[in-house]
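Engineer: 101 is the number that numbering that gives the first Met the number 0 gives to position 102 of the sequence shown; each next residue is one higher, with no gaps. C-beta atoms are modelled at their ideal positions from N, C-alpha and C, and glycine is treated no differently. No experiment lies behind these values; they were computed from the predicted model shown. The structure is given below, and queries will be raised subsequently.
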Amino acid sequence: MVAAGMYNENINFNGKNIAVMGEDKETTRIDGGNDGPVVTFMTGEDSTAVLSGFLIQNGVGVYGGGIVIMGSNPTLRDLLIADNMAQENGGGMFLSNTSSKITDVWIYFNEALGQSGESGGGMATSEASPVLTNVLIVGNSSSSYGAGATFGEGNPVLKNTTIARNSAANVAGGVFIYGTNLTLLNTLLWEDSPNEIYVKSGTLNVEYSDVQGGQNGIIIETDSTGTIIWGEGSISLEPFFCDPDAGDFSIAENSPCAGTGLNGVNIGAFGIGCEAVMPEPSIINIFDIPDDQGGWIKIIFERSSFDTDTLRSTEIYTVERMDDSEWVSLHSILAYGLSSYTTEARTLLDSSSIADGMTFFRVIAGMEEGNFASEPYSGYSIDNIAPEAPTGLTADGNGQDGIELGWHESEASDFNYFRIYRGLTQGFIPNVPLVEIVETMFIDSDADLQNTYYYRISSVDTHDNESEFSDEVSSSVLSIDGMTLPLEFALHQNYPNPFNPATTIRYDLSQEAYVTLTIYDITGRMVGRLVNELQDSGIKKVLWNASDFSNGMYICELKAGEKQFIMKLLLLK
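Here it is in structure tokens:
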């Protein structure tokens, strides 16, 4: 019996048929420290060897990063296997020559590189016949095949398992099988990329399961001996997860997976976890269309639960705008079963420093079952065309009052003011303006003439559009020989925050360290790595341009040697 806490070690059962049980899988953690697989069964352990109640994390192996089972039959239950990596197959787990029972296990955010072929980000098997029951495989990745799971040569069975939102570089975001007789019973596969299941060879038996795209979501390799048996009770319908973005893959009361499995059980790893999905559409975002003169916004809305997966001319969505106190119809689009729709709409005025331009919209779902209105949602448009960058910037540090700056006037008809930025390093990234002025000259009286200062300026129009930055100029009287080093490692809050579309992330290194700076979305999926190198000590700055990313909260993780720091960043476009 193991109390809650963090245990930094790598465990090998070494043939001992004992039960090792943690207090709770979310609070009792075994961290492999990226130094081999976290837990290993390779010495003939039988089903009385039990591992339960743990979070298994940060394991690395050639085959199997989190858990490795070879020639043994242990019992795994009530586990969370997350953030492990395999150089070949089985990022979360690798199973060979086993018929282990695996129950109530969550396999999250593991990765397999598959350097020699098949991989399996969540798990991989070879000549194995495990039985998986109530298993959740979500958010895993593969640089080859089978991001969720790869099954090779055996007779594995998946019961009440949910495989969702896994991503493979080649094929089989969900499941990849070769030479295997795989049975799916009461199992759910949804939103795996680029497709749900790929059969290279072997037999796939699907019974009372929900697979996105149905049989069309299952690909058989050309000229292969693969066979698909699409059995009784199998469907291809939106499962209505309660809140998958927050990790809740239970289903709504009116889900087609509720009570439709074999003998009336639910399909998937979880039962009903929320009330019935409402028939009203829901606007989830309104944002300005970039690089235009304003007047237009985009609306993204989730479908009505009555929206079918076929094109029906009788089912439509109508966009309405609130003009004063009256709803005015703008346009309609056909409903055809998308999980969400995107449309453009006109605004009454643009947002600026004079008026916020906030306008309310709603969407009416005209379904065969009736008409259903979304809750109103507000948004605004802006003029995105910025002035030209200022020209003629000069800096003179010979004056008695400070460093004198001068530049040319702006030719923009909607010019409002200039912003002056100052930095201490050449090529600095302008962040917080030193001052905002209308004139074409400025004396920086706060400059310390012991340093070298670098300047750039921009123009801002009446709609708050900022131009590109001018060429950089500098003025120095005396430069210093060295720089004062930070006293400790630190990650500072990005600026600006919220930001659109770029922000600066600053961190301090008190000594030389190997640094990784990684960006994750709110689901924990890595969306970018800004730094991955050995760096000297000093004050560091990194610019993250998120112009290709969606609005929302992101997580920044800094790892410097043994230090780890986390902070939140908010992108608002």
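Could you say which of 160, 185 and 196 lies nearest to residue 176 if we only look at CA atoms?
Structural biologist: Measuring from the Cα of residue 176, the nearest candidate turns out to be 196.
Engineer: Starting from the Cα of residue 552, find the closest Cα among 493, 542 and 540 and give me that residue.
Structural biologist: Nearest of 493, 542 and 540 to residue 552, Cα basis: 493.
Engineer: My output table needs one value for residue 569: the three-state DSSP class, helix, strand or coil.
Structural biologist: Residue state, collapsed to three classes: strand.
Engineer: For residue 169 and residue 43, what's the separation of their Cα atoms in angstroms?
Structural biologist: Going from the Cα of residue 169 to the Cα of residue 43 covers about 35 angstroms.
Engineer: For residue 559, which of 125, 506, 294 and 418 has the nearest alpha-carbon?
Structural biologist: Among 125, 506, 294 and 418, the Cα nearest to that of residue 559 belongs to 506.
Engineer: Tell me, please, whether the CB atom of residue 63 is closer than 8 angstroms to any CB atom in chain C?
Structural biologist: Looking for chain C here will not work: only one protein chain is present.
Engineer: Could you pull the DSSP bridge partners for residue 510 from this structure?
Structural biologist: Answer is none; residue 510 lacks a bridge partner.
Engineer: Please report the Cβ distance between residue 354 and residue 348, rounded to the nearest whole angstrom; I am assuming they are in contact, meaning their Cβ atoms lie under 8 angstroms.
Structural biologist: So it is a contact: roughly 6 angstroms between Cβ atoms.
Engineer: Which complete beta strand (DSSP E) runs does the stretch 80 to 162 hold, if anything under 3 residues is left out?
Structural biologist: Those beta strand (DSSP E) runs which fall completely within the stretch 80 to 162 and span 3+ residues are 84 to 88, 92 to 95, 100 to 107, 122 to 125, 130 to 132, 135 to 137, 148 to 151 and 156 to 158.
Engineer: Roughly how many angstroms lie between the CA atoms of residue 419 and residue 442, to the nearest whole one?
Structural biologist: C-alpha separation (whole angstroms): 11 angstroms.
Engineer: When the Cβ atoms of the stretch 1 to 8 are set against those of the stretch 17 to 31, are three or more pairs found closer than 8 angstroms?
Structural biologist: In short, these stretches touch, since the Cβ pair count reaches three.
Engineer: Who are the near neighbours of residue 226 in its chain, counting only those whose CB is closer than 6 angstroms to its CB and skipping five residues on each side?
Structural biologist: The answer, listed in chain order, is 202.
Engineer: Under three-state DSSP, which class holds residue 395?
Structural biologist: In this structure, residue 395 counts as strand in the three-state DSSP scheme.
Engineer: I'd like to know whether the C-beta atoms of residue 298 and residue 344 end up nearer to each other than 8 angstroms.
Structural biologist: Result yes, Cβ atoms of residue 298 and residue 344 sit closer than 8 angstroms.
Engineer: Given this structure, state the Cα-to-Cα distance separating residue 66 from residue 93, to the nearest angstrom.
Structural biologist: Going from the Cα of residue 66 to the Cα of residue 93 covers about 6 angstroms.
Engineer: DSSP three-state call for residue 214: helix, strand or coil?
Structural biologist: Looking at residue 214 - three-state DSSP - the assignment turns out to be helix.
Engineer: Using the Cα positions of residue 352 and residue 557, report the straight-line distance between them to the nearest angstrom.
Structural biologist: Cα to Cα, residue 352 sits roughly 36 angstroms from residue 557.
Engineer: DSSP on residue 482, reduced to helix/strand/coil?
Structural biologist: At residue 482 the pLDDT is 43, less than 50, meaning the model places this residue with poor confidence; the figure from the coordinates comes in the next sentence. Three-state DSSP puts residue 482 in coil, outside helix and strand.
Engineer: Please report how far the alpha carbon of residue 85 lies from the alpha carbon of residue 111, in whole angstroms.
Structural biologist: Going from the Cα of residue 85 to the Cα of residue 111 covers about 5 angstroms.
Engineer: Quick check: the Cα distance between residue 262 and residue 317, rounded to an integer number of angstroms?
Structural biologist: Those two C-alpha atoms are separated by around 42 angstroms.
Engineer: Since I believe residue 465 is in contact with residue 459 (beta carbons under 8 angstroms), could you give me their beta-carbon distance rounded to a whole number of angstroms?
Structural biologist: Right, the Cβ-Cβ distance comes to about 5 angstroms (below 8 angstroms), so this counts as a contact.
Engineer: In chain order, which beta strand (DSSP E) runs of at least 3 residues are fully inside the stretch 285 to 334?
Structural biologist: As far as the stretch 285 to 334 is concerned, its whole beta strand (DSSP E) runs of at least 3 residues are 295 to 301, 315 to 322 and 325 to 333.
Engineer: Between the alpha carbons of residue 257 and residue 304, how many angstroms are there, rounded?
Structural biologist: Whole-angstrom Cα-Cα distance: 15 angstroms.
Engineer: Could you tell me whether the stretch 406 to 416 touches the stretch 383 to 396, using the rule of 3 or more Cβ pairs below 8 angstroms?
Structural biologist: The stretch 406 to 416 vs the stretch 383 to 396: in contact.
Engineer: Going by DSSP in three states, residue 262 sits in which element: helix, strand or coil?
Structural biologist: Here residue 262 sits in helix by DSSP.
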